[in-house]
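Engineer: Heads up: the sequence shown runs through residues 852 to 1258, numbered per our numbering.
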Amino acid sequence: MIPLSDAEFIIIGGGAVGCGVAYSLARAGKTDVLLIEKAADVAQATSAQGAGLCGQPRPTAERTRLAMHSVHTFRELQKDPKVQPEWHEVGSLRLALTEKRAQEFRQLKSVADEVGLETELIHPGSAARLCPSLDFKGATAILWCPSDGYMRPYAVASSYAYQCRKLGVRIATDTTVENILTENGRVAGVATNRGKAACRYVINAAGAHAYHLARLAGIELPIVPVRHEYYVTTPLAGWTPELPCFRVPDLTLYGRPCEGGLLLGGWEPKALNTDPRSFDLAGEPPPVVPDWEVLNHFEKQFAPILGQTRISEKARVGRGWPTFTPDGRFIIGESRRMKGYIMAGGCNAHGISGSAGIGRLVVESILEKNPSPYLHSLSPDRFTETSWTWEQARVQAAHVYETYYGV
């Protein structure tokens, strides 16, 4: 266990986002960084529960560039011979089942063309050659992105942490933040179960506990944990690690190869969310018991696209509480309510795949004198300087989840 020490930057949370922020700071030359994680290792909470897909085509140029930056980072991390994110650049297929969705795909391709991301609208025959295990007959359009892929979430955080340590970042595990220390309206440090540490900046990357840590700084933010589930099958013939990821937005489903079988997840039409005020900083969100009605519905929906293959058994279920915001945007940057207090939360289920991009935005928020309009749109002050209620916030955050694939 490393000794607790003062630092210019203290990051709270050792998931993919916290480790990604630390890595981005270190790459920008800011290595006086202390990352604090309450567990014995990184990526033990929300990050460990992720499905690991990384898709770059997005409705806006800003979001697409952000995802492209993450993929570039995963490629670079993969080059290290010792610790890798287990990045598989296998490409991805998006299947449209309606003309309205096909139009959305054409728009996604237009944005991709604008920012230099290679994508292609392909025919079912071409898709079948890329992924023989799926049936594409009913597709009205198929969007192929060859540089998309998937990774193992724990390995991503571990890879960041390994590189961070090499660059001089300190990582204190088994360390719990109990309070944010302030002085004259500015962050001054943190109090932990192991003592105090002074700093100039505190970066909140605490996932489902981001709400509680913001409250310690006197900031109320609508960061809502929403249940998400997927399952992994026992090994299936033909499902090799080299097959592409896939998304079927009209069925709200996604998947990828995993452990010799299939990982299949989806977005529920009636999302279950929990009020972050119902548990405290020292506690945890309610345990997520597998909802077999929901998981079996995913399987039933997917059956026609899976073709002749039949799922014999589900080996395990992944589930957790990714956090969502009422407007579906990240919460990133400093709040005018507390100088030196930086948010990196409300990731709307993009924490792992977007971790490098989020890290870049955090660095921009700290180091750039004139941050981009896009970064301004993610400011925590959009919530601190407007009126909202928790009842509204939970309904709206759940709606963001439920319409994740909305058109």
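We put the CB at the ideal spot given by N, CA and C, even for glycine.
What's the call for L1218, buried or exposed, on a 16-neighbour Cβ count within 10 Å?
Structural biologist: Indexing the sequence shown from 1 puts residue 1218 at position 367. Burial call: exposed.
Engineer: Specify, as a first and last residue, the run of the alpha helix (DSSP H) that E950 falls within.
Structural biologist: Residue 950 sits at position 99 when you count from the first residue of the sequence shown. Run containing E950: E950 to V966, per the alpha helix (DSSP H) assignment.
Engineer: Would DSSP call F1097 helix, strand or coil?
Structural biologist: Here residue 1097 corresponds to residue number 246 of the sequence shown, with the count starting at 1. For F1097, the three-state secondary structure derived from DSSP is strand.
Engineer: Which two residues bound the contiguous alpha helix (DSSP H) that contains P1092?
Structural biologist: Locating residue 1092 in the sequence shown gives position 241, where the first residue counts as 1. Where P1092 is concerned, there is no enclosing alpha helix (DSSP H), given that its DSSP letter is neither H nor E.
Engineer: In whole angstroms, what is the alpha-carbon distance linking I973 and Y1081?
Structural biologist: The residue labelled residue 973 in the question sits at position 122 within the sequence shown. The residue labelled residue 1081 in the question sits at position 230 within the sequence shown. Spanning the two alpha carbons is a distance of roughly 28 Å.
Engineer: So what does DSSP say about G989, is it helix, strand or coil?
Structural biologist: Numbered from its first residue, the sequence shown carries residue 989 at position 138. G989 falls in the coil class under three-state DSSP.
Engineer: Would a C-beta distance cut-off of 8 Å place D941 and L1094 closer than the cut-off?
Structural biologist: Looking up residue 941 in the sequence shown gives position 90. Looking up residue 1094 in the sequence shown gives position 243. The sequence shown places Val at residue 941, not Asp. Yes, the Cβ-Cβ distance between V941 and L1094 is below 8 Å.
Engineer: Quick one: what does DSSP say K889 is sitting in, helix, strand or coil?
Structural biologist: Working through the sequence shown from its first residue, we reach residue 889 at position 38. In the structure shown, K889 sits in coil (DSSP, three-state: anything other than H, G, I, E or B).
Engineer: For F1149, tell me which candidate among P1136, K1165, Q1159 and P1137 has the shortest Cα-Cα distance.
Structural biologist: For the purposes of this step, residue 1149 is taken as residue 298 along the sequence shown, with counting starting at 1. Of the candidates P1136, K1165, Q1159 and P1137, the one whose C-alpha sits nearest the C-alpha of F1149 is K1165.
Engineer: Could you check whether I887 and I853 sit closer than 8 Å to each other, using their CB atoms as the reference points?
Structural biologist: Sequence index remark: in the sequence shown, residue 853 carries index 2 (1-based). Sequence index remark: in the sequence shown, residue 887 carries index 36 (1-based). The answer is no: Cβ separation not under 8 Å.
Engineer: Secondary structure at T1235, three-state DSSP: helix, strand or coil?
Structural biologist: As a working note, residue 1235 is residue 384 in the sequence shown. Helix at T1235.
Engineer: Around the C-beta of Q958, are 16 or more other C-beta atoms found within 10 angstroms, so that it is buried, or is it exposed?
Structural biologist: As a working note, residue 958 is residue 107 in the sequence shown. Under this definition Q958 is an exposed residue.
Engineer: Check whether the Cβ atoms of S1010 and V934 sit closer than 8 Å, and answer yes or no.
Structural biologist: The count along the sequence shown starts at 1 and reaches residue 1010 at position 159. The count along the sequence shown starts at 1 and reaches residue 934 at position 83. Contact: yes.
Engineer: Taking 7 Å as the cut-off, is the C-beta of M1002 nearer than that to any heavy atom in the ligand ZN?
Structural biologist: In the structure shown, the ligand ZN is absent, as is every other ligand, since no ligand is present at all.
Engineer: Tell me whether I1209 sits in a helix, a strand or coil according to DSSP, three-state version.
Structural biologist: Position 358 of the sequence shown, counted from the start, is the residue given in the question as residue 1209. Helix at I1209.
Engineer: Once the 5 residues before and after P975 are set aside, which same chain residues still bring their CB inside 8 Å of it?
Structural biologist: As a first step, residue 975 must be located in the sequence shown, where it is residue number 124. Excluding residues within five positions, the ones whose Cβ falls inside 8 Å are F987, K988, A990 and I993.
Engineer: Taking all protein chains shown into account, decide if H1227 is buried (16 or more other Cβ within 10 angstroms of its Cβ) or exposed.
Structural biologist: In the sequence shown, the residue the question calls residue 1227 occupies position 376. Exposed.
Engineer: List the endpoints of the continuous beta strand (DSSP E) containing M1189.
Structural biologist: Here residue 1189 is taken as the residue at index 338 of the sequence shown, counted from 1. That run of the beta strand (DSSP E) goes M1189 to G1196.
Engineer: Just reading off the beta strand (DSSP E) that E1029 is part of, what are its end residues?
Structural biologist: The sequence position of residue 1029 within the sequence shown is 178, counting from 1. Where E1029 is concerned, the enclosing beta strand (DSSP E) stretches over V1028 to E1034.
Engineer: Does the Cβ of P1100 have 16 or more other Cβ atoms within 10 Å, making it buried, or fewer, making it exposed?
Structural biologist: The count along the sequence shown starts at 1 and reaches residue 1100 at position 249. Buried.
Engineer: Given 8 Å as the limit, is there contact between the region 912–922 and the region 1196–1207, that is, 3 or more CB pairs closer than that?
Structural biologist: Result yes; three or more Cβ-Cβ pairs closer than 8 Å.
Engineer: DSSP puts C905 in a beta bridge; with which residues?
Structural biologist: Numbered from 1 along the sequence shown, position 54 holds the residue referred to as residue 905. C905 pairs with G1000.
Engineer: Identify whether K1047 lies in helix, strand or coil by the three-state DSSP scheme.
Structural biologist: The residue labelled residue 1047 in the question sits at position 196 within the sequence shown. Of the three classes helix, strand and coil, the one that applies to K1047 here is strand, per DSSP.
Engineer: For the beta strand (DSSP E) containing D1053, list its first residue and its last residue.
Structural biologist: The residue you call residue 1053 lines up with position 202 of the sequence shown. A small correction: the amino acid at residue 1053 is Val; Asp does not occupy that position in the sequence shown. From DSSP, the beta strand (DSSP E) with V1053 extends over Y1052 to N1055.
Engineer: Within the region 1135–1203, note down every full alpha helix (DSSP H) run reaching 4 residues or more, in order along the chain.
Structural biologist: 1143–1157
Engineer: In chain order, what residues of the same chain lie with their CB nearer than 7 Å to the CB of V1020, ignoring the 5 residues before and after it?
Structural biologist: What you label residue 1020 is simply residue 169 of the sequence shown in a count that begins at 1. So the qualifying residues of the chain are A873, A877, T882, V884 and L886.
Engineer: Taking L1104 and V1083 to be in contact with their CB atoms under 8 Å, please state how far apart those CB atoms are, rounded to whole angstroms.
Structural biologist: Position 253 of the sequence shown, counted from the first residue, corresponds to residue 1104. Position 232 of the sequence shown, counted from the first residue, corresponds to residue 1083. 14 Å between Cβ atoms; not a contact.
Engineer: For D1178 and C870, what's the separation of their Cα atoms in angstroms?
Structural biologist: Here residue 1178 is taken as the residue at index 327 of the sequence shown, counted from 1. Here residue 870 is taken as the residue at index 19 of the sequence shown, counted from 1. The straight-line gap from Cα to Cα measures roughly 25 Å.
Engineer: Use the C-beta contact count for E1144: other C-beta atoms within 10 angstroms, 16 or more gives buried, fewer gives exposed.
Structural biologist: Position 293 of the sequence shown holds residue 1144. Label assigned to E1144: exposed.
Engineer: Go to T1264, then tell me how far its alpha helix (DSSP H) extends in each direction, as first and last residue.
Structural biologist: No answer is possible for residue 1264: the residues shown for the chain start at 852 and end at 1258.
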